[in-house]
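In order, the protein sequences belong to chains A and B. 160 is the number that the working numbering gives to position 160 of the first sequence; each next residue is one higher, with no gaps. 77 is the number that the working numbering gives to position 77 of the second sequence; each next residue is one higher, with no gaps. Glycine included, every Cβ here is placed at the ideal spot set by N, Cα and C.
2 protein chains.
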Amino acid sequence: MAELESNSELLTLFKALADKNRLKIIGLLAQQSHNVEELASALSIGASTVSHHLSVLSKAGLVEGKVQGYYSVYSLQTRPLETTAKYLLHWDELKGLASDSAGEDVFERKIIATFVTPEGRIKAFPVQEKKVLVLIRYMLREFKPGIEYTEKQVNQMLAKFTKDTARVRRAFVDYKYMAREGGGGKYWRI
Amino acid sequence: MAELESNSELLTLFKALADKNRLKIIGLLAQQSHNVEELASALSIGASTVSHHLSVLSKAGLVEGKVQGYYSVYSLQTRPLETTAKYLLHWDELKGLASDSAGEDVFERKIIATFVTPEGRIKAFPVQEKKVLVLIRYMLREFKPGIEYTEKQVNQMLAKFTKDTARVRRAFVDYKYMAREGGGGKYWRI
DNA sequence: AATTTATTTCGATGAATATAGAAATAAATT
DNA sequence: AATTTATTTCTATATTCATCGAAATAAATT
Numbered sequence: 001m002a003e004l005e006s007n008s009e010l011l012t013l014f015k016a017l018a019d020k021n022r023l024k025i026i027g028l029l030a031q032q033s034h035n036v037e038e039l040a041s042a043l044s045i046g047a048s049t050v051s052h053h054l055s056v057l058s059k060a061g062l063v064e065g066k067v068q069g070y071y072s073v074y075s076l077q078t079r080p081l082e083t084t085a086k087y088l089l090h091w092d093e094l095k096g097l098a099s100d101s102a103g104e105d106v107f108e109r110k111i112i113a114t115f116v117t118p119e120g121r122i123k124a125f126p127v128q129e130k131k132v133l134v135l136i137r138y139m140l141r142e143f144k145p146g147i148e149y150t151e152k153q154v155n156q157m158l159a160k161f162t163k164d165t166a167r168v169r170r171a172f173v174d175y176k177y178m179a180r181e182g183g184g185g186k187y188w189r190i
Numbered sequence: 001m002a003e004l005e006s007n008s009e010l011l012t013l014f015k016a017l018a019d020k021n022r023l024k025i026i027g028l029l030a031q032q033s034h035n036v037e038e039l040a041s042a043l044s045i046g047a048s049t050v051s052h053h054l055s056v057l058s059k060a061g062l063v064e065g066k067v068q069g070y071y072s073v074y075s076l077q078t079r080p081l082e083t084t085a086k087y088l089l090h091w092d093e094l095k096g097l098a099s100d101s102a103g104e105d106v107f108e109r110k111i112i113a114t115f116v117t118p119e120g121r122i123k124a125f126p127v128q129e130k131k132v133l134v135l136i137r138y139m140l141r142e143f144k145p146g147i148e149y150t151e152k153q154v155n156q157m158l159a160k161f162t163k164d165t166a167r168v169r170r171a172f173v174d175y176k177y178m179a180r181e182g183g184g185g186k187y188w189r190i
């Protein structure tokens, strides 16, 4: 498995970790290297099954086996565990997991990547109207159709994106993404 | 899921992460909260299937849903990801994964826990012979039956456990765990 | 070369689970 | 209260995958 984890590599890694006996194998190998039969008897399962598990773990880069006399001795490789762990810690990178699904188009994604922090706040508003609109729609997603929000609620929900909540609220209305009731100040998506 | 991860909690977490569509859901929720239908259309799968996936993720503590008008809006919970990541980084704790398998008995495990560092080195040799023997057998596991090792190899393999390799090598022979050929200095397990 | 030993591959079976569609539930609007 | 809308639960089906035993492979000893 390469150092840079693609989505499918992450998937094979999690799949490799998603089995009781494979976790036990990892635990045993974390103590000491073992050959196939030792693992089989420790887990009370067949040697061919252990061999299968080791192959799965090996494809995920989690173990490495080397022939030593009659036996092939397997040892734990901790690097993939470490890189995965760091990856999970910077969970903002998890956004990439959705990449191959048809959510945003390429242009929009680029704008968002440029003008939105990993935490989801607007760094600054672009000058070009077209780009501003991408961000407006980005924040609009927070509001579900069919629900009425008070002006206070709207401001509250926008606060996590930017300090200039009024500007965004006005943009929602100006660009006809939201309607507002004249008096009471209720907003809803169109 | 509790803060302290038991083995089975780790397993449910990895199982939850071991599916393509669930990873995509996590990716989408890392960007923004979503309701079930939004996720279903983004992934091109049925709403009931998404509901099932969200239930799996929820049992693992990875998402949380709250009712909001017509919709129930799901958001990503990053804490379990963080604790899991830290757990993987301190991979010496992975040894616990093998705990419920019938490898060592309780006494031996306790001795090893006391006198062996997380990295696998001998901190110090106990005074009681019975306890020393546990450590001797612990190191003996590194050597596979049927294979001959030169004295140099034996020392080399023991070096990762202790500086006093000669003591251990002698103990192997004294306690009849290993035999040695008189002249050439070849060792093998009995 | 023949034999012994450990591991891997192959083929088959059973269990777990992802998926869809229908029915039931819940929440809000009329 | 009846209706609309979204979600969940239920039921059934298809796929994935863990497991075993047998056969094939590989490596070392005789």
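Supposed contact pair residue j and residue i - C-beta distance, whole angstroms, cut 8 Å
{"i": "ALA16 (chain A)", "j": "LEU57 (chain A)", "result": "5 Å"}
{"i": "PHE14 (chain A)", "j": "PHE107 (chain B)", "result": "That belief does not hold up - the Cβ atoms of PHE14 (chain A) and PHE107 (chain B) are roughly 36 Å apart, past 8 Å."}
Residue i versus residue j: straight-line alpha-carbon distance, rounded
{"i": "GLU104 (chain A)", "j": "SER55 (chain A)", "result": "In this prediction, GLU104 (chain A) scores a pLDDT of 49, lower than 50, which makes its location untrustworthy; the coordinate-derived value is nonetheless stated afterwards. Distance between the alpha carbons of GLU104 (chain A) and SER55 (chain A) is about 37 Å."}
{"i": "VAL116 (chain A)", "j": "ASN35 (chain B)", "result": "22 Å"}
{"i": "ILE122 (chain A)", "j": "PHE161 (chain A)", "result": "6 Å"}
{"i": "VAL73 (chain B)", "j": "ALA60 (chain A)", "result": "34 Å"}
{"i": "SER8 (chain B)", "j": "THR150 (chain B)", "result": "43 Å"}
{"i": "ALA75 (chain A)", "j": "VAL67 (chain B)", "result": "As written in the sequence, residue 75 (chain A) is Ser, which differs from the Ala given in the question. If you take the alpha carbons of SER75 (chain A) and VAL67 (chain B), they lie about 48 Å apart."}
{"i": "GLY185 (chain B)", "j": "GLN128 (chain B)", "result": "29 Å"}
{"i": "GLY64 (chain A)", "j": "LEU39 (chain A)", "result": "Inspection of the sequence shows that residue 64 (chain A) is occupied by Glu rather than by Gly. Looking at the two C-alpha atoms, the distance is approximately 14 Å."}
{"i": "ARG109 (chain B)", "j": "GLY120 (chain A)", "result": "48 Å"}
{"i": "GLU181 (chain A)", "j": "TYR187 (chain A)", "result": "7 Å"}
{"i": "LYS86 (chain A)", "j": "LYS130 (chain B)", "result": "42 Å"}
{"i": "ARG79 (chain B)", "j": "LEU10 (chain B)", "result": "13 Å"}
{"i": "GLU142 (chain A)", "j": "MET157 (chain A)", "result": "8 Å"}
{"i": "SER44 (chain B)", "j": "LEU133 (chain A)", "result": "26 Å"}
{"i": "ILE26 (chain A)", "j": "ALA18 (chain A)", "result": "12 Å"}
{"i": "THR84 (chain A)", "j": "GLN32 (chain B)", "result": "22 Å"}
{"i": "LYS24 (chain B)", "j": "PRO118 (chain A)", "result": "18 Å"}
{"i": "ALA102 (chain A)", "j": "SER41 (chain B)", "result": "Residue placement at ALA102 (chain A) is flagged as unreliable, the pLDDT there being 40, under the threshold of 50; a coordinate-derived value is accordingly withheld."}
{"i": "LYS144 (chain B)", "j": "TYR71 (chain A)", "result": "8 Å"}
{"i": "ASP164 (chain B)", "j": "LYS152 (chain B)", "result": "14 Å"}
{"i": "ASN21 (chain A)", "j": "GLY46 (chain A)", "result": "12 Å"}
{"i": "ALA159 (chain B)", "j": "MET139 (chain B)", "result": "11 Å"}
{"i": "GLN77 (chain A)", "j": "GLN77 (chain B)", "result": "29 Å"}
{"i": "LEU206 (chain A)", "j": "ALA30 (chain A)", "result": "Any property of residue 206 (chain A) remains undetermined from this structure, which presents chain A solely from 1 to 190."}
{"i": "PRO126 (chain A)", "j": "ALA179 (chain A)", "result": "24 Å"}
{"i": "THR12 (chain A)", "j": "THR12 (chain B)", "result": "16 Å"}
{"i": "GLU37 (chain B)", "j": "GLU37 (chain A)", "result": "49 Å"}
{"i": "THR114 (chain A)", "j": "THR114 (chain B)", "result": "53 Å"}
Sub-9 Å separation of residue i and residue j beta-carbons
{"i": "TYR177 (chain A)", "j": "ILE112 (chain A)", "result": "no"}
{"i": "GLU82 (chain A)", "j": "LEU89 (chain B)", "result": "yes"}
{"i": "GLY69 (chain B)", "j": "ILE147 (chain A)", "result": "yes"}
{"i": "VAL154 (chain B)", "j": "ARG169 (chain B)", "result": "yes"}
Heavy atom of the ligand GDP within 8 Å of residue i beta-carbon
{"i": "THR165 (chain B)", "result": "Absence of the ligand GDP is noted for the structure shown, with no ligands found whatsoever."}
By the 9 Å beta-carbon criterion, what residues does the segment 70-86 of chain A contribute toward chain B? TYR70, TYR71, VAL73, LEU76, THR78, LEU81, GLU82, THR84, ALA85, LYS86
Report yes or no: do the segment 39-50 of chain B and the segment 163-179 of chain A share at least 3 C-beta pairs separated by less than 8 Å? no
For the segment 159-187 of chain A, enumerate the residues whose C-beta is nearer than 8 Å to any C-beta of chain B, in chain order. none
Relative to chain B, which residues along the segment 13-32 of chain A have a C-beta separation below 7 Å, given in chain order? PHE14, LYS15, LEU17, ALA18, LYS20, LEU23, LYS24, ILE26, GLY27, LEU28, ALA30, GLN31, GLN32
Note down, in chain order, all residues in the segment 142-153 of chain A with a beta-carbon under 8 Å from any beta-carbon belonging to chain B. GLU142, LYS144, GLY146, ILE147
Under 8 Å (Cβ pairs) to chain A, residues found in the segment 56-69 of chain B: GLN68, GLY69
Contact set between the segment 34-47 of chain A and chain B, restricted to residues whose Cβ is under 7 Å from the partner: ASN35, ALA42, LEU43
If you measure beta-carbon to beta-carbon, which residues of the segment 106-136 of chain B are closer than 8 Å to chain A? GLY120
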